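Novice: For reference, the structure I am asking about is given below.
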Amino acid sequence: MQATTTSFGIEEALEQLGINKTNLGTSTGSEWFSNGEEISSVSPVDGQLIAKVSTTSKEDYEKVMASATSAFKDWRVKPAPQRGEIVRQFGEELRRLKEPLGKLVSYEMGKSYQEGLGEVQEMIDICDFAVGLSRQLHGLTMHSERPGHRMYEQYHPLGVVGIISAFNFPVAVWAWNTALAWVCGDVCVWKPSEKTPLTGVACQKIAAKVFADNDLPEGISCLINGDYKVGEMMTNDKRVPLISATGSIRMGKIVAQAVAARLGKSLLELGGNNAIIVTPDADIKMTVIGAVFGAVGTAGQRCTSTRRLIIHESIYDKVKDAVVAAYNQLRIGNPLDENNHVGPLIDKDAVKNYQNALEKVVEEGGKIIVEGGVLEGEGYESGCYVKPAIAEAENSYEIVQHETFGPVLYMMKYSGNVENALELQNGVVQGLSSAIMTNNLREAERFLSVQGSDCGIANVNIGTSGAEIGGAFGGEKETGGGRESGSDAWKIYMRRQTNTINYTTELPLAQGIKFDL
Ligand code: NAD
């Protein structure tokens with residue numbers, strides 16, 4: 001478990017992204033304001049301050065809303081395929097700036113450089129998807145019960161979409177929302193996580209340039225910055241018909257209630273407690289790769305990270321030994337060095353939560369089988385590097401029922417048939433991602449059946465972590481029920497209208513009602 005150092009090239013990346021470290025904060029498009037209190041963007045990689053960003057004041061927020069609501073009036077009348085063309089250009093800019101943006105994501109958030117690049121690639125992919133979608137915002141037509149009448153449904157844009165995002169996918173989640181919302185004709189106001197404000201600044205600059213180059217109104221893309229207080233400005237604002245919020249269940253419950261109180265719409269993408277079921281027919285090699293990557297990738301800070309391994313008793317020891325052996329090979333250190341498997345947690349609060357989870361699981365009767373701990377010394381100066389840990393635990397433990405956002409994996413046994421494993425898997429309040437490792441067709445189909453996994457994502461012979469943009473992404477139960485990205489997730493960004501046109505000279509009423517005058 002050695003740390004290695006590497007030259008970050010972060011200053012160069014910032015320069016390529018057009019970030020000169022002054023006047024960073026709120027943006028109505030190409031204009032920037034910095035009137036609020038400052039927040040620091042500190043890298044968990046080495047504990048260094050990268051830059052300071054101003055939070056959004058009430059006055060700045062009003063400027064943003066004026067810019068966004070005015071831009072919407074122009075943007076909504078632009079034909080959808082032309083909006084798609086703008087999103088195509090935005091995707092091209094992302095291709096051009098993939099490396100510096102990937103590097104900033106990695107340095108500000110602490111994920112590996114490969115994952116930083118992967119995140120930008122997801123942004124590019126969703127742009128491609130949205131370009132095609134811009135010609136496919138279909139409604140249905142249906143037969144009217146009245147002669148000489150035509151009936152159909154169409155979709156119109158909603159208006160200002162408010163996006164609140166989490167630190168762990170600092171740029172992809174924004175793009176999942178904006179690329180679709182923009183082709184749908186909406187304008188977006190984004191509040192990134194207060195832990196990753198600089199990646200937000202970088203994205204806003206990229207988008208603003210594309211809109212300016214096309215003489216489009218600024219305000220199609222706006223940025224606000226700060227913590228929950230700034231988020232609340234949007235959740236309580238009637239001018240924002242849709243709030244798309246990604247983050248913890250705790251946050252989602254507050255946001256959902258605030259938005260519902262004004263009868264707005266919310267799209268919630270909240271925490272997970274994802275399990276892999278390992279049946280007697282599982283391919284052990286595939287299981288180990290899926291489980292270890294799922295549990296320690298991004299230092300366990302993915303909403304889809306594997307938190308629980310539910311293993312059949314007949315192969316429990318074999319799987320346990322193989323997973324533990326793989327953990328002993330892990331290299332923890334600077335995530336910009338591709339030799340390392342595990343980077344830092346986002347900050348020291350996250351380290352505390354990780355330590356508390358390990359204490360709690362022992363208190364509740366669990367047994368640590370791979371020791372955790374905080375790393376110190378050269379390369380670990382930020383204090384955010386921890387050892388991935390494994391504990392044998394019961395599903396009913398309080399700590400196991402909670403999502404600890406770090407590399408803590410709980411292992412448990414099941415006996416009998418796959419239904420017993422499913423009872424454990426579904427026996428948590430979250431419902432994001434799930435997986436079964438099996439070569440048994442019956443078990444796989446039972447897992448996917450109506451009595452099977454209750455999660456938004458259910459995979460066979462793939463781990464829980466990560467997803468392709470083509471499918472709708474999201475989870476059930478306290479994960480919030482939202483769907484983003486592919487499939488027909490675009491519908492949430494639009495309002496549906498049913499239209500009936502009478503092309504006769506009579507006015508027949510529906511259901512044969514007579515109303516003679
Ligand atoms: P967090 O809940 O602390 O913060 C998320 C965002 O919500 C931040 O921008 C924050 O400022 C804002 N916020 C917090 N309270 C608010 C309030 N009362 N009103 C308005 N905004 C508020 O989450 P985090 O620590 O940044 O991210 C980790 C969590 O996000 C984990 O639970 C993870 O599972 C979840 N997550 C879920 C998905 C998904 O798609 N389901 C994706 C990524 C992360």
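Using the UniProt record's numbering, read the sequence shown as starting at 1 and increasing by one per residue.
All C-beta atoms in this analysis are idealised placements derived from N, C-alpha and C, irrespective of residue type, glycine included.
Just so it is clear, the structure is predicted and the values come from calculations on it, not from any experiment.
Rounded to whole angstroms, what's the CA-CA distance from T69 to M233? Just pull it up for me.
Specialist: Looking up residue 69 in the sequence shown gives position 69. Looking up residue 233 in the sequence shown gives position 233. Roughly 15 Å separates the two Cα atoms.
Novice: Relative to the ligand NAD, is the shortest distance from any of its heavy atoms to the C-beta of A245 smaller than 8 Å?
Specialist: Position 245 of the sequence shown, counted from the start, is the residue given in the question as residue 245. Yes, Cβ of A245 sits closer than 8 Å to a heavy atom of the ligand NAD.
Novice: Does the beta-carbon of H312 have 16 or more other beta-carbons within 10 angstroms, so that it is buried, or is it exposed?
Specialist: Position 312 of the sequence shown holds residue 312. Buried, since its Cβ has 16 or more Cβ neighbours within 10 Å.
Novice: Look at the Cβ atom of I249, then the Cβ atom of Y228, and state whether they are nearer than 9 Å.
Specialist: Taking the first residue of the sequence shown as position 1, residue 249 is located at position 249. Taking the first residue of the sequence shown as position 1, residue 228 is located at position 228. Not in contact: I249 and Y228 (Cβ atoms no closer than 9 Å).
Novice: From the DSSP output, read off the bridge partner residues of S41.
Specialist: Residue mapping note: residue 41 aligns to position 41 of the sequence shown, counting from 1. Partner(s): A51.
Novice: Mind checking which residues open and close the beta strand (DSSP E) that includes G162?
Specialist: Translated into positions along the sequence shown, residue 162 becomes position 162. Segment V160 to I164, the beta strand (DSSP E) holding G162.
Novice: Just list the beta strand (DSSP E) runs in the segment 238 to 296, keeping only unbroken ones of 3 residues or longer that don't cross its boundaries, in chain order.
Specialist: Within the segment 238 to 296, the complete beta strand (DSSP E) runs of at least 3 residues are 242 to 246, 265 to 269 and 274 to 278.
Novice: With 16 as the cutoff for other CB atoms within 10 Å, does residue 591 come out buried or exposed?
Specialist: Since the first and last residues shown for the chain are 1 and 517, residue 591 lies out of range.
Novice: Closer than 7 Å by C-beta to G9: which residues in its own chain qualify, once you throw out the five before and the five after it? Chain order, please.
Specialist: Residue 9 sits at position 9 when you count from the first residue of the sequence shown. Answer for G9: K103, listed in chain order.
Novice: Just checking my contact of L330 with V296 at CB under 8 Å: how many whole Å lie between their CB atoms?
Specialist: As a position in the sequence shown, residue 330 is number 330, starting the count at 1. As a position in the sequence shown, residue 296 is number 296, starting the count at 1. About 6 Å separates the two Cβ atoms, so the contact holds.
Novice: Return the CA-CA distance between V292 and E363, expressed in angstroms with no decimal places.
Specialist: Against the sequence shown, residue 292 aligns to sequence position 292. Against the sequence shown, residue 363 aligns to sequence position 363. Their backbone Cα atoms lie some 25 Å apart in a straight line.
Novice: Assign N499 to one of two classes, buried (16 or more other C-beta atoms within 10 Å of its C-beta) or exposed (fewer than that).
Specialist: Sequence index remark: in the sequence shown, residue 499 carries index 499 (1-based). Exposed, because fewer than 16 other Cβ atoms sit within 10 Å of the Cβ of N499.
Novice: Please report the straight-line C-alpha distance between R308 and G406, rounded to a whole angstrom.
Specialist: Stepping through the sequence shown from its first residue, residue 308 is reached at position 308. Stepping through the sequence shown from its first residue, residue 406 is reached at position 406. Roughly 13 Å between the two C-alpha positions.
Novice: Would you check if the distance between the CB atom of L158 and the CB atom of Y493 is smaller than 9 Å?
Specialist: Taking the first residue of the sequence shown as position 1, residue 158 is located at position 158. Taking the first residue of the sequence shown as position 1, residue 493 is located at position 493. Against a cut-off of 9 Å, the Cβ pair of Y493 and L158 comes out as a contact.
Novice: Taking 8 Å as the cut-off, does the CB of E119 come closer than this to any heavy atom belonging to the ligand NAD?
Specialist: For this step, residue 119 is matched to residue 119 along the sequence shown. No, the ligand NAD has no heavy atom inside 8 Å of this Cβ.
Novice: Measure the CB-CB distance between Y410 and V386 and report whether it falls below 9 Å.
Specialist: Here the question's residue 410 lines up with position 410 in the sequence shown. Here the question's residue 386 lines up with position 386 in the sequence shown. Cβ atoms of Y410 and V386: not closer than 9 Å.
Novice: Return the first residue and the last residue of the beta strand (DSSP E) that residue 518 is part of.
Specialist: Outside the shown range of the chain (1 to 517) lies residue 518, about which nothing can therefore be said.
Novice: Could you tell me if residue 520 is buried or exposed, where buried requires 16 or more neighbouring beta carbons within 10 angstroms of its beta carbon?
Specialist: Because the chain here runs from 1 to 517, residue 520 falls outside it and cannot be looked at.
Novice: According to DSSP, N459 sits in a beta bridge with which residue or residues?
Specialist: Position 459 of the sequence shown, counted from the start, is the residue given in the question as residue 459. Looking at the DSSP assignment, N459 forms a beta bridge with A435.
Novice: Using DSSP's beta-bridge definition, name the partner residues of R135.
Specialist: As a first step, residue 135 is located in the sequence shown; it is residue number 135 there, counting from the start. Answer by DSSP bridge pairing: none, since R135 is not bridged.
Novice: Measure the C-alpha to C-alpha separation of L14 and G84 and round it to an integer number of angstroms.
Specialist: By one-based count along the sequence shown, residue 14 stands at place 14. By one-based count along the sequence shown, residue 84 stands at place 84. Cα to Cα, L14 sits roughly 28 Å from G84.
Novice: Does DSSP put P217 in a helix, a strand or coil?
Specialist: Here residue 217 refers to the residue found at position 217 when the sequence shown is read from its first residue. The answer is coil: DSSP assigns P217 none of H, G, I, E or B.
Novice: Name the residue from F447, A435, G200 and I224 whose alpha carbon lies nearest to the alpha carbon of G18.
Specialist: In the sequence shown, the residue the question calls residue 18 occupies position 18. Closest by alpha carbon: G200.
Novice: According to DSSP, simplified to helix, strand and coil, what is Y410?
Specialist: Here the question's residue 410 lines up with position 410 in the sequence shown. Strand at Y410.
Novice: Give a yes or no on contact between the segment 189 to 199 and the segment 171 to 180, applying the rule of three or more CB pairs nearer than 8 Å.
Specialist: Yes, since at least three Cβ pairs between the segment 189 to 199 and the segment 171 to 180 fall closer than 8 Å, the two stretches touch.
Novice: Per DSSP, what kind of secondary structure is E394 in: helix, strand or coil?
Specialist: For the purposes of this step, residue 394 is taken as residue 394 along the sequence shown, with counting starting at 1. It is coil, neither helix nor strand.
Novice: Give me the Cα-Cα distance between A3 and A421, rounded to the nearest whole angstrom.
Specialist: Residue 3 sits at position 3 when you count from the first residue of the sequence shown. Residue 421 sits at position 421 when you count from the first residue of the sequence shown. Legend: pLDDT at A3 = 36, less than 50; position of this residue unreliable, no value from coordinates given.
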